[in-house]
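Some notes on the structure that comes next.
There are 2 protein chains.
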Amino acid sequence: MAGVWLLLSLFAFGSAEAGKLLVIPSDGSHWLGMKPIVEELGRRGNQVVVVVPEASLSMGPSEYTTTLTYPVNYTKAELEANLADQLNTILSIDISTDLAKFQSFIISLDILQTFILRNAEGLLFNKDLMKKLQDYNFDAILTDPFEPIGAIAGEYLSIPAIYMQINLPCGVDTLASQCPVPASYAPQPFTHFTDHMNLWQRSVNLVRALLKPMACRRLFTLADEIASRVLQRKTSIVEIMSRAALWFMRFDFAFEFPRPLMPNMVMIGGMATKKPKSLSQELEEFVNGSGEHGFVVFTLGSLVPQLPEAKAREIFEAFRQIPQRVLWRYTGPVPENAPKNVKLMKWLPQNDILGHPKVKAFITHGGSHGIYEGICNGVPMVMLPLFGDQGDNVQRLVSRGVAETLSIYDLTSEKLLVALRKVINDKSYKEKMTELSAIHRDRPIEPLDLAVFWTEFVMRHKGAAHLRPAAHELNWIQYHSLDVIGFLILILVTVIFVTVKSCMFCFRKCFKKTQKKKKE
Amino acid sequence: MAGVWLLLSLFAFGSAEAGKLLVIPSDGSHWLGMKPIVEELGRRGNQVVVVVPEASLSMGPSEYTTTLTYPVNYTKAELEANLADQLNTILSIDISTDLAKFQSFIISLDILQTFILRNAEGLLFNKDLMKKLQDYNFDAILTDPFEPIGAIAGEYLSIPAIYMQINLPCGVDTLASQCPVPASYAPQPFTHFTDHMNLWQRSVNLVRALLKPMACRRLFTLADEIASRVLQRKTSIVEIMSRAALWFMRFDFAFEFPRPLMPNMVMIGGMATKKPKSLSQELEEFVNGSGEHGFVVFTLGSLVPQLPEAKAREIFEAFRQIPQRVLWRYTGPVPENAPKNVKLMKWLPQNDILGHPKVKAFITHGGSHGIYEGICNGVPMVMLPLFGDQGDNVQRLVSRGVAETLSIYDLTSEKLLVALRKVINDKSYKEKMTELSAIHRDRPIEPLDLAVFWTEFVMRHKGAAHLRPAAHELNWIQYHSLDVIGFLILILVTVIFVTVKSCMFCFRKCFKKTQKKKKE
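Chains as they are written, first to last, in our numbering: chain G, 594 to 1113; chain Y, 594 to 1113.
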C-alpha cells in the first residue's frame, strides 16, 4: 500500500551504498579540525582517501581511511624552522592601531599567497597522482580552502566540493557563497572589531567589505594562474569556490556574532571537543596542590611552544605573584629562579585539564580549538592573540565578558597579573562563561554527526543544488539592484519631465488666452 | 574529576525540570500546523496551556495540554458564512497582471487588518483571563503572528516569544528579524515571482521590498493602537516581533528558493506530514479501478469544500475525458450526468491517498500542508492557487518542473485537461518530483523534534539572546551604512578640495615667479 513511501524511504535514508570521498586537508591545527569527520566517515563505511604531502607538521595517517602521499621539495625540519622565523617576526609587530592592522592585513595577503601554494607542484602537476584520483571516481571532495589546491583538484575532477571554512583574510567564504555580511554590524575578518562599532569602525569595516574582491584577487593571484593552467580555461579561486556544494562553518553562535547565513552553510563549531578524561596521578596531585585557589592553564597552541626570553621572564614574574598553581606548555629556556608554583610541560592534555573542577583560568592565544575547549568546559580566559584570525576570535569572547585580552607585543608582568586577577576574582567572568558553555552544549544534534550527515548527503545526491541561491547567476550590478535603481530613476525623471512639460504647455496656452483677452 | 563537565551537562541537557508554555494559536490550517508541536511538548512533560476563542473553525482541545477558552462575539456558523462570502469574492477576481496583483496585495492588507484582531477584545481586554495567564508564570509563548494578539499578550507577560512564521503580505517575519532579502533574487511575498526575475520584475520586487515597512504599518494600524493601549506605551507590532527569541520557518529548501536566513530562524517545513496509512477497503477498490492508469486526487483545502456551479461543471467535463479515476473532496451540487470515474467525498484522508502507489497527480490550491504531503509522497501537481501565499507557493513548485498552475478565475475544462495530461504523461514531472521528495526527506533530524528542542531551549535559557543580531540596535540609516557613506564622501571631497587648492596655490606661486622673471 504505502509502497511508494517505502521506496522513497530507501532512496532518501538508506545510505546502504557507501560513498567515495576525496579529502585534501591543510596542515597544523587545520588537519586536527578535519580529522574527526574524516575518521567518522570512514568508520561508517565510506571509502575515504586522504591526500597529504610527504612532509608536514601534523598530517599523517588517520583511522578507517586510505592515505596517499606525494613528494614535496621541503622537509618537516625546514617547515618548523620557517614557522619559528615567522613567529618571531609576528611577535615583534605592534598592531594596536587601525593603520597597523591594515598593514598587517596586506602583509598577511602577501605572505599567504605563496605559502598556500607550496604543495601545488607536488599535487596538481603530479600526473600519476591526478590520474589515480580520477580513476577512483569520487562522489565528493572535502577540502580546506586555506590551501586552494584542494579546490582546484576538486574542480579538475568535476566532483561536488565541501569546504571547511577557515578565516582567510580576504573573506573568501562569504564572498564565494554570496552570503550577505552587513557592514554595519558584522565585522570583516582581520579588523578585530566587535558587532558594536562606532562610526569610524563602521567606515573601516565598509571599506574592508568593498575591498574583499580585490583582497581575494591579491591573495589568489598565483593560485588563479595555477587554476587556469590546470583547468585550461581562464578562471579564479573565488569562481571555483562559488560552486561549493557546502561550507562547514567552524563556529556556532555561542562564539560568533549573530549574522546571516546561507542555506549551504552548516555550523560545526566545537565539533572536535571531546568529553574530558581523568588526569594522570602526577598532574592530579599538582593541580590540587594550591587547594581552594585552584590552578591556571597556559598554552599558545601547537605551533608556539616557546617565547622570546624577555617575554617569558615577564610571564614567570606574574605567575610568581599569584596563589594559583600554573600548568604551562613551554619548551623554552627557564630562568634560574623560576617560581615553584609553575609546572612546565612539553605537551598538555589540554581538554582534560580544562575539564578539571579546580581550573580557574585559561591563558590562550585564541586558536579555534582551545577556544571551544575553554567554552565547553566553562573556563574564563586571558587571551594573547598572535596571528591570523586569533585577533578576531579574542574580540568575540572579550565582548561577551568571559575573557580579557592582552597584546603579546607589549606584555608585562603587571598587565598579565591585572588581567589574571580580574578573570579569577571577578565572579562575573565565571558566571557568564558557565552560561555560554550551557548554551554552546545545548544543541539538537552533535556537530560531528551533522558534518558526517551533510557529507554523506552530498555524496548521495551528487551535490546540494537545492541550496544554491540564484544570486550566483547575477553580476555585481544586478545583485545590488543598481540597474533596477537606474531604471526606476529613469522612469521617475521621465514622469517628472513629461508632467512639467505638460503643465508648462497648459500654462502657456491659458496665459496666451488671458493675454489675448486683455488685448481685446 | 570531570565534575564540572557533569554539572554543565546537567545544566545543558537535563530538561528534568519541565517548562511552562503558553500557546496562542490562529485558526484554520494554522492551528493544524501548530498542533503537533504543542501536543509533543505536552507529551514530553511540559505544562502547555493553549488559549483559544470559544468559537472557531478548527481550534479545540489537544492532547497532553490544558485548553483555556474565552468568549467572542461571533459563532462558528457566522465564521463559516463569512468565509464562504469572502471566497466567492476572491474567486471572481482576475490577478493575472502585475497591477491587479498589487491591488489584491493592498486589498489583502485592508481585509486582514480587522480580521486578525477579531479576538483582541475577548483575549487582551479580558482582565480575568490575563490575570490568570500572569499567575501561570510561563517560561515562554509560542504563537502565530497571523493574529498579533499572541505577540501582544507575550509582550504584556514579559516572556520570550517564539513565532510560527506565516506569509503575511507585508513580510513581517523578515522585517522584524532583520533578515536580508536581496531584492535581486529573493521574491517578496504576494508577488508570485520566482528567484529568476527580469528587469521589470526585479524593479517591482525592489519597490515591494522598500514598501515593506509601510505595508506593515498599514496592516497593523489597528493592532499597533491596541498594542500601545495594552502595554501603555507607544509601540508597534513590528517592534514587538523584533524581540522574537525564535522564528519557526514553515519551509525547507526543497520548497523555498535558497536565500539567507538569520540565526534565530529554525526551518520546520513538512513538520506535520506523517507516514501514510493503508486506505479503507472501499477507497482501495476505487483507486485500483482504472488499473495501470492510476488515479488523481483533487482537494482545495479545508476552507473550500465547494465551487461555483459553472466552475464545477468545467472540472467535471475535464475529468470525463481522462482514463484515470478521480477522488475529489467536494460538497457542492453535482450535475446529472456526472462522469462515472469521479468519486466525490466530504473528507479525504489526503496524506494516505497521496502515499498510494497508483496516484498520478494531485490537484491542489497550493496550501502549505498539501504541498508538503505532495512533496513527501513524490506526487506531481496541478495547482489552482486561491488566495494568500498560495500564488507564491505555486511558483516555487512550477519553477522546479514538478507542477503546472492554472488560474481558477478563467479555468476551463480544456485548460485543466492539458495541464493534467502534461503532468501525468510527461515523465519529467514525476522524475523531478521523486528527486525533490528524496531531498526533502533526507534530513539529519525530524522537523518536529527540532521545533520541540528549540521551544524547550527557549524555556530552559529564558530566551535565545545569543542568536539576536546587533542589527536591532541600529536605525535604518545606520543599518544601511548611509551615514558611513556620507562620512566617506565627506572625507573624499575634503581630500580632493585640499589637494586641488594646494596644487592651485603652488601653481600660482610658480606662475607668479615665472611672470616676475619674465618682467625682470
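We treat Cβ as the ideally placed atom computed from N, Cα and C, and that holds for glycine.
*asked:* Taking CB distances under 8 Å as the criterion, tell me whether M1026 (chain G) reaches chain Y.
replied: no
_Residue from Y:L896, Y:S770, Y:T998 whose Cα sits closest to the Cα of A677 (chain Y)_ = Y:L896
*Is the CB of A776 (chain Y) under 8 Å away from at least one CB in chain G?*
yes
*If we count Cβ pairs, one from each stretch, closer than 8 Å, do we get three or more for the region 633-640 of chain G versus the region 757-770 of chain G?*
no
*Does any residue of chain G bring its CB to less than 8 Å from the CB of V554 (chain Y)?*
It is not possible to answer for residue 554 (chain Y), since the shown part of chain Y is limited to 594 through 1113.
_For R918 (chain G), list the residues DSSP reports as bridge partners._
G:F888
*Could you check how far apart the C-beta atoms of T736 (chain G) and V616 (chain G) are, in whole angstroms? I think they sit under 8 Å.*
7 Å
*Beta-carbon separation (whole angstroms), S649 (chain G) vs D620 (chain G), contact threshold 8 Å*: 5 Å
*chain G partners of R1061 (chain Y), CB-CB under 8 Å?*
P851
*How is F850 (chain G) classed by DSSP in three states: helix, strand or coil?*
coil
_I need the DSSP call for C1103 (chain G), collapsed to helix, strand or coil._
helix
*Measuring CB to CB, does F698 (chain Y) end up less than 8 Å from F783 (chain Y)?*
yes
_Per DSSP, the bridge partner or partners of K613 (chain G)_ = G:Q640
*Nearest CA to the CA of L815 (chain G): which residue from G:Y778, G:F708, G:T998, G:E885?*
G:F708
*Can you find a CB in chain G that lies within less than 8 Å of the CB of I617 (chain Y)?*
no
*With DSSP collapsed to three states, give me the class of P1040 (chain Y).*
helix
*Of the residues Y:F912, Y:A744, Y:R836, the one placed nearest P817 (chain Y), counting alpha carbons only*: Note on identity: in this sequence residue 817 (chain Y) is Asp, with Pro being the wrong assignment. Of Y:F912, Y:A744, Y:R836, the residue nearest in Cα terms is Y:A744.
*asked:* Let me check one thing: in DSSP terms, what residues is A954 (chain G) bridge-paired to?
replied: G:V889
*asked:* For a cutoff of 8 Å on Cβ pairs, would you count M757 (chain G) as touching chain Y?
replied: no
*Going by Cα to Cα distance, which pick from Y:L672, Y:M938, Y:E633 is closest to M652 (chain Y)?*
Y:L672
*So, L1043 (chain G) versus P1037 (chain Y), is the Cβ gap smaller than 8 Å?*
yes
*Going by beta carbon distance, what residues of the same chain come within less than 7 Å of A808 (chain G), once the five residues before and after it are set aside?*
L702, P762, C763
*Cβ of D917 (chain G) less than 8 Å from any chain Y Cβ?*
Note on identity: in this sequence residue 917 (chain G) is Gln, with Asp being the wrong assignment. Judged by the 8 Å Cβ criterion, Q917 (chain G) is not in contact with chain Y.
*What separation, rounded to the nearest whole angstrom, lies between the Cα atoms of M842 (chain G) and A674 (chain G)?*
31 Å
*Any beta-carbon of chain G closer than 8 Å to the one on V597 (chain Y)?*
Reliability of the predicted coordinates at V597 (chain Y) is poor, the pLDDT of 44 falling under 50, and the value obtained from them is presented with this limitation in mind. At least one chain G Cβ lies under 8 Å of V597 (chain Y).
*For I1082 (chain G), decide whether its Cβ has a neighbour in chain Y, counting only Cβ atoms nearer than 8 Å.*
no
*From V952 (chain Y) to D945 (chain Y), what distance separates their C-alpha atoms?*
11 Å
*Can the beta-carbon of A954 (chain Y) be found less than 8 Å from the beta-carbon of L1013 (chain Y)?*
yes
*By Cβ distance, which residues of its chain are closer than 8 Å to L941 (chain G), with the 5 residues on each side in sequence left out?*
V890, T892, L920, R922
*What's the gap between the Cα of S1095 (chain G) and the Cα of V1086 (chain G)?*
14 Å
*Segments assigned beta strand (DSSP E), at least 3 residues, entirely inside the region 965-1005 of chain Y*: 974-976, 996-998
*Does any CB atom of chain G fall closer than 8 Å to the CB of L601 (chain Y)?*
Reliability fails at L601 (chain Y), whose pLDDT of 41 lies under 50, so the model's placement of it is uncertain and the value that follows must be treated cautiously. Closer than 8 Å: yes.
*Quick one: does S835 (chain Y) have its CB under 8 Å from some CB of chain G?*
no
*A1031 (chain Y) versus L1081 (chain Y): straight-line alpha-carbon distance, rounded*: 50 Å
*Between E950 (chain Y) and K1055 (chain G), what straight-line distance do the alpha-carbon atoms span, to the nearest angstrom?*
Looking at the sequence provided, one finds Pro at residue 950 (chain Y) rather than Glu. In a straight line, the C-alpha of P950 (chain Y) is about 26 Å away from that of K1055 (chain G).
*Grab the span of the beta strand (DSSP E) containing I734 (chain G) for me, first residue to last.*
733-736
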